[in-house]
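What follows is one structure encoded as structure tokens, with my remarks underneath.
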Amino acid sequence: MKLAARVSQVTPSLTLAIAAKAKALKAEGIDVCSFSAGEPDFDTPVHIKAAAAKALDEGKTKYGAAAGEPKLREAIARKLKTDNGLDYKSENVIVTNGGKHSLYNLIVALIDPGDEVIIPAPYWLSYPEMVTLAGGVSVIVRTDATTGYKITPEQLRKAITPKTKLFVLNSPSNPTGMVYTPDEIKALAEVIVDADIFAVSDEIYEKILYDGAEHISIGSLGKEIFQRTLISNGFAKAYSMTGWRLGYLAGPVEIIKATSSIQGHSTSNVCTFAQYGAIAALESPQDCVEEMRQAFAKRRQVMLDRLNAIPGLSTAKPDGAFYLFPDISKTGLKSLEFCDALLEEHQVAVIPGIAFGADDNIRLSYATDLATIEKGMDRLEKFVKSRI
Ligand code: PMP
Ligand code: GLU
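Taken in order, the sequence shown gives residues -6 to 381; the numbers are from this note's numbering.
Okay, here's the thing in structure tokens:
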């Protein structure tokens, strides 16, 4: 069978593949500690589920507008104003099948074959694949622990060419957990405005912050950067709604209209009654978000302390998200070998850094219970000791 050429250019999602493998092993009765997919282990808060159930009972079971239920688009615009200082109306917002789909829609709407997209590495693994699917070119800019895995304004400026269309910013970051400071964001905004390119700010971890770290939305820093910014966000992480598939993109009307046309011929609207759950998530008190954040904060400390006690691993302390990203280079293993052997010999599932463009690291998600973290760290410690 001859498939389209683009199929051979994309790699299946390793995060999803390893998470699925860990689940399958568990289903076989094998005692696996999984730190693979970035998926909160909490159930969706009850009031959110109740709102969706009510909408279902009331018969909100029909096709809706492709860009989303008007009430949800309004609620998102209000949230972006109050939380992020962004002056959007509902026409600036499209509801999508998760944050992943909002990024995909944007890239398909904006990127022509040959257009360049600047992506700092380590990056969330789907960004470059989406660019490839659109025929664009990913320009990967490497960062390391010396700059806290953050791109500097100088690095960004150097990477820009006449073909650059878009810069991808992700703070708090997956996979490193790093958070850009307001000054760092400001400096990047100046480069973006000077070069007259677009920036997409993936803010899906904005609520998951520690130690007083502050999230600032790059588009809020002035009119010129606002006009060049797209915000991608979703409900999966903050509200533990990964399976609901609910996200959104906000930005200039022309781009949002383009993504609505694409969505109108591909997925149509996101599940109608699920969107009522999202309205409840945004419009109810936010205690559930804070409760989950506090649980993540505790788990982060436990996992970090355990990792730091393992000779041979070096782990930066992140200010956000729910990932740790140890450097494994002292073990002499590359990330795939490390992860394969760890799963095989000790039944611990983690993601090889190569998936994120960083072969000297592995990613551990601590969005899981403390008992699993303790058990998994015992096993990891044994494994690393056996290798160095
Ligand atoms: N962006 C980042 C950085 C992510 O880590 C994820 C998923 N973990 C997404 C976007 C997409 O999330 P979802 O499609 O589940 O909303
Ligand atoms: N994005 C999450 C992760 O990085 C979930 C898996 C995925 O969508 O790739 O683990």
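C-beta atoms are modelled at their ideal positions from N, C-alpha and C, and glycine is treated no differently.
Length of the line joining the Cα atoms of residue i and residue j
| i | j | result |
| --- | --- | --- |
| L79 | L96 | 19 Å |
| T252 | S119 | 18 Å |
| I190 | A309 | 31 Å |
| I23 | L7 | 21 Å |
| I69 | I321 | 41 Å |
| T260 | K74 | 28 Å |
| P115 | A348 | 9 Å |
| A102 | I11 | 30 Å |
| S307 | G52 | 54 Å |
| T174 | S166 | 12 Å |
| A188 | S164 | 21 Å |
| K72 | K151 | 35 Å |
| D176 | L214 | 11 Å |
| G240 | Y56 | 18 Å |
| N90 | I381 | 44 Å |
| I178 | K93 | 23 Å |
| I303 | M296 | 11 Å |
| A43 | A342 | 34 Å |
| N98 | I255 | 7 Å |
| E21 | P319 | 29 Å |
| A17 | V25 | 10 Å |
| E67 | A30 | 31 Å |
| A360 | L275 | 22 Å |
| E374 | F331 | 13 Å |
| G257 | K14 | 34 Å |
| A138 | N262 | 41 Å |
| D352 | E337 | 19 Å |
| P287 | A(-2) | Just to set this straight, residue 287 is Gln in the shown sequence, not Pro. So the alpha carbons of these two residues sit roughly 46 Å apart. |
| M370 | L300 | 7 Å |
| K216 | S225 | 19 Å |
| S65 | K82 | Residue identity check: residue 65 is Leu in the sequence provided, not Ser. So the alpha carbons of these two residues sit roughly 12 Å apart. |
Those residues which DSSP pairs with residue i across a bridge
| i | result |
| --- | --- |
| L357 | L317 |
| F331 | Per DSSP, none; premise fails for F331. |
| L159 | V110 and F191 |
| A342 | S27 |
| T222 | A192 |
| A243 | V86 and I224 |
| L202 | G313 |
| V130 | E109 |
| R135 | A114 |
| S307 | D320 |
Test item: CB-CB of residue i and residue j under 7 Å
| i | j | result |
| --- | --- | --- |
| M285 | F35 | yes |
| P146 | V184 | yes |
| T222 | I211 | yes |
| P345 | L326 | no |
| A243 | V282 | no |
| I87 | A60 | yes |
| P113 | T136 | yes |
From the options, residue whose alpha carbon lies closest to that of residue i
| i | options | result |
| --- | --- | --- |
| R238 | Q268, G313, K323 and D333 | Q268 |
| R292 | L103, A314, E276 and A271 | A314 |
| P278 | V101, K19, H40 and P175 | H40 |
| E247 | D137, E84 and L214 | E84 |
| T169 | S358, M370 and D371 | S358 |
| D298 | C281, L326 and E367 | E367 |
| P245 | I255, T154, V193 and C264 | V193 |
| A46 | C264, K375, L336 and K323 | C264 |
| I197 | R(-1), A(-2) and L162 | L162 |
| P106 | L65, G61 and T157 | T157 |
| Y142 | S225, M(-6) and G350 | G350 |
| L317 | C332, I355, D333 and A288 | I355 |
| N77 | D371, K250, A271 and D195 | D195 |
| I272 | A(-2), E62 and V3 | E62 |
| Q200 | V132, F289, E122 and T140 | Residue identity check: residue 200 is Lys in the sequence provided, not Gln. Minimum Cα distance to K200 is reached at F289. |
| K250 | A58, E338, T54 and T140 | A58 |
| P5 | A(-3), E122 and W117 | E122 |
| Q2 | K19, S131 and D50 | S131 |
Residue i CB to nearest heavy atom of the ligand FMN below 6 Å
| i | result |
| --- | --- |
| W117 | With respect to the ligand FMN, the structure shown offers nothing to examine, as its ligands consist of the ligand PMP and the ligand GLU. |
Chain-order list of residues whose beta-carbon lies under 6 Å from that of residue i (same chain, five-residue window excluded)
| i | result |
| --- | --- |
| Q148 | V134 |
| A182 | I211, L214 and I218 |
| T235 | E32 and A229 |
| L335 | V341 and F376 |
| H339 | R372 and F376 |
| V186 | E217 and I218 |
Nonlocal neighbours in the same chain, by C-beta distance under 7 Å from residue i, ignoring five residues either side
| i | result |
| --- | --- |
| A48 | F266 and Y269 |
| D362 | D34 |
Beta-carbon contacts of residue i that lie in its chain and below 8 Å, excluding the five residues immediately before and after
| i | result |
| --- | --- |
| D312 | P165, G170, M171, V172, L202, Y203, D204 and A206 |
| I104 | V110, V124, A127, G128, G129, K158 and L159 |
| T323 | It should be pointed out that residue 323 corresponds to Lys in this sequence rather than to Thr. Closer than 8 Å at Cβ, skipping near neighbours: G305, L306, S307 and I381. |
| L9 | A30 |
| T37 | Y232, S233, M234, W237 and G270 |
| Q220 | P245 |
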